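Working notes, structure below.
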C-alpha cells in the first residue's frame, strides 16, 4: 500500500508517492504544465483508483482529465467534459471541485464550477451534465463574486443517504438538497455576513469551506469569511466554534476521514491582512468538534511566516494514524503522519499550491 498526494498548482499537477509509511516522498510532474489545477480527486471506490484533475489553460480553457494508472497516462477528451449548455448564455471559468459520490453511486462524480453551478457525471468523470435545479434557483441572480470569483467550491454527498447533498459557494452560502438534487434550500441560519446590511441573511454568505464529520454525518464544520461554525443538523442551523482560535478568518476546513470530532484549520489574521496569525506557521486542531483548539507547529518553519493556505490546499488521508497535508502560496507542501503532532516537508519551491488531495492506493 502506498500513499498518494496530488498537488495542484498554478503551473501544473505534481504527484507525490510514499511507500515507507509517509517518511519520504517521490515527486513526479508537472503533469499538464502551465495550467492552473484548481481541483483534484482520488476516487478509491473502484478496484483501480482513478485520478481526476480539473485544470485551466490560458490558451485551451478549462477541462477535466482522468487517469487509471496513478498518473502514468491521462485521458483528456477532445471536447470539454464540463460545459454550460448554450441556452445558459455563460461559459465555464474553471472547475473548482471534483467530488466522488457515496459508495451506493460508484460512477457518480460531482463538479462544482465558476460561475456557481453544479455538474453531475454518471460515467466516472468522463462527461458531466449541468444540474439545472441549482442553476435555475431563484436566488442565483443575487449570488455575487467573492475575492476569488463566484464559484461552488464545496460539494458534500451524504455518506448514508444518496438523496442528500450539500454545496457551498462564495458568495451565496450553503444550499442543501434532500431529493438527489431535484430541489435546493439555503442552509445558512446562524452564519454571519458582516459585509451585508442584514448581517444574518437567508443567503449571500461568503462561506469558504465546509467539511463533514466522520463519526456523525449530520455534523458539519464551516470556515466562513470571518467565522468558524459547526452544524449538528446537516446544515440547517449553525453555531460558532471560533473561541480558542487566534482568528476566525481563514480558508481550509478539514475533518478527519475516520475519527469523529477531529478537525483542522489554518487561521489567517483577517480578510484585509491575509497572513498567518502572529506570522507563524501553525495548524490548529480540535479533537472535540470545536470545543477546544490547540496549535500544532512541531517541524514547521520557525520565525516570521507569511504565505497563506487556500481553501482546498489542506487535506487528510485515510491511513491509520491519519495523515494531514497542506500547501502554501509560496510553493511549500508539509505533511504530518501523526494527525498533526509533528510535520515534515514534502516539497518546496513548487508553483503556488491551489489544492491537495491524499489517499491510500
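Residue numbers (the working numbering): 6 to 366.
Backbone N, C-alpha and C define an ideal beta-carbon position, used for all residues, glycine too.
It should be emphasised that the depicted structure is a prediction, and the values quoted were computed from it without experimental measurement.
The beta carbons of residue 238 and residue 169 sit no closer together than 9 Å. Residue environment for residue 197: buried (at least 16 other C-beta atoms within 10 angstroms of its C-beta). Beta bridge pairing from DSSP links residue 363 with 10. Across the set 185, 354 and 141, the C-alpha of 141 shows the shortest separation from the C-alpha of residue 93. In this chain, the alpha helix (DSSP H) harbouring residue 137 covers 137-140. Residue 298 and residue 89 have their C-alpha atoms spaced approximately 42 Å apart. Under DSSP, the beta-bridge partners assigned to residue 114 are 105 and 126. Residue 318 and residue 271 have their C-alpha atoms roughly 10 Å apart. Between the C-alpha atoms of residue 72 and residue 54 there is a straight-line separation of about 8 Å. In this structure, DSSP gives residue 317 an extended state, which the three-state scheme calls strand. Spatial neighbours of residue 162 in its own chain (CB-CB distance under 6 Å, excluding positions within 5 residues in sequence) are listed in chain order as 106, 107 and 170. Here residue 281 carries a strand assignment [DSSP, helix/strand/coil]. Per the C-alpha coordinates, the member of 45, 76, 133 and 78 positioned closest to residue 84 is 133. The Cβ-Cβ distance between residue 225 and residue 15 does not fall below 9 Å. Counting the other CB atoms within 10 Å of its CB gives residue 350 a total below 16, which places it among the exposed residues.
With respect to the 9 Å criterion, residue 40 and residue 22 are not classified as neighbours on the basis of their beta carbons.
When the alpha-carbon of residue 119 is set against those of 148, 109 and 200, the nearest one is in 148. Under a 10 Å Cβ-count criterion, residue 25 is classified as exposed, with fewer than 16 other Cβ atoms of the shown protein chains found around its own Cβ. Counting C-beta pairs with one atom in each stretch, the stretch 254-271 and the stretch 205-225 have three or more that are closer than 8 Å, which means they touch.
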